[in-house]
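**Q** Mind looking over this structure? Questions follow.
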Amino acid sequence: MKKITSICAVVIAFISLTAMTLLTAEFKFEKETHDFGKIPAGKPVSFEYKFNNAGDEPIIIADVQPTCGCSVAEFTKSPVKPGEAGTIKVTFNAETKGPFTKSFIVKSNTKTPVKTLTIKGIVE
Numbered sequence: 001m002k003k004i005t006s007i008c009a010v011v012i013a014f015i016s017l018t019a020m021t022l023l024t025a026e027f028k029f030e031k032e033t034h035d036f037g038k039i040p041a042g043k044p045v046s047f048e049y050k051f052n053n054a055g056d057e058p059i060i061i062a063d064v065q066p067t068c069g070c071s072v073a074e075f076t077k078s079p080v081k082p083g084e085a086g087t088i089k090v091t092f093n094a095e096t097k098g099p100f101t102k103s104f105i106v107k108s109n110t111k112t113p114v115k116t117l118t119i120k121g122i123v124e
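Sequence positions in the sequence shown follow this note's numbering and run 1 to 124.
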């Protein structure tokens, strides 16, 4: 009898955990890298990453962290329901001439909880 009870408990636990992992939020970005091309020094440039929620649960963005102090990010603060869209706007203020590549770390409750968005270009 104990053996049957133990087996039932394991099966119920497995089904519960499997069901919980099936319902997740999921980003679907139009693109994850943006090339500004040539930009002037000292003049901030911005790009808006657009995404849809391709999952079953609302996307909640906890934070978007730039990898340097020359960049900032603004993002959709309210939960993005399944099938709806949101944005992450990044701004880069170039002071040094030459090529650049900057990243933004997106932390959320999605299937991939840490996502990286990238901007690049050449400062003239």
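The beta-carbon is built from N, C-alpha and C at its ideal position, and this holds for glycine as well.
The structure presented is a predicted model; accordingly, all values stated were derived computationally and were not measured.
1. So, for SER156: in the same chain, excluding its five sequence neighbours on each side, which residues have a beta-carbon less than 6 Å away from its beta-carbon?
2. What residue from SER46, GLY83, GLY86, THR24 has the CA that sits closest to ALA73's CA?
3. Is LYS81 helix, strand or coil when you go by DSSP?
4. Answer yes or no: does any C-beta atom of chain D fall closer than 8 Å to that of GLY98?
5. Decide if the stretch 108-115 is in contact with the stretch 85-96; the criterion is three or more beta carbon pairs, one per stretch, under 8 Å apart.
6. Which word fits PRO71, buried or exposed, when buried means at least 16 other C-beta atoms lie within 10 angstroms of its C-beta?
7. Pick out whichever of GLU48, SER78, GLY42, ILE61 has its Cα sitting closest to the Cα of VAL123.
8. What ranges does the beta strand (DSSP E) occupy inside the stretch 36-109, keeping only unbroken runs of at least 3 residues that lie completely in it?
**A** A quick look at the data gives this:
1. Here the chain covers residues 1 to 124 and nothing more, so residue 156 does not appear.
2. SER46
3. In the three-state reduction of the DSSP assignment, LYS81 falls in the coil class, being assigned neither a helical nor a strand state.
4. Among the protein chains of the structure shown there is no chain D, as only one such chain exists.
5. In the pairwise beta carbon analysis, the stretch 108-115 is classified as not touching the stretch 85-96: fewer than three pairs are separated by under 8 Å.
6. Rather than Pro, the amino acid found at residue 71 in this sequence is Ser. Under a 10 Å Cβ-count criterion, SER71 is classified as buried, with 16 or more other Cβ atoms of the shown protein chains found around its own Cβ.
7. GLY42
8. Runs of the beta strand (DSSP E) inside the stretch 36-109: 45-53, 61-66, 71-75, 85-92, 98-108.
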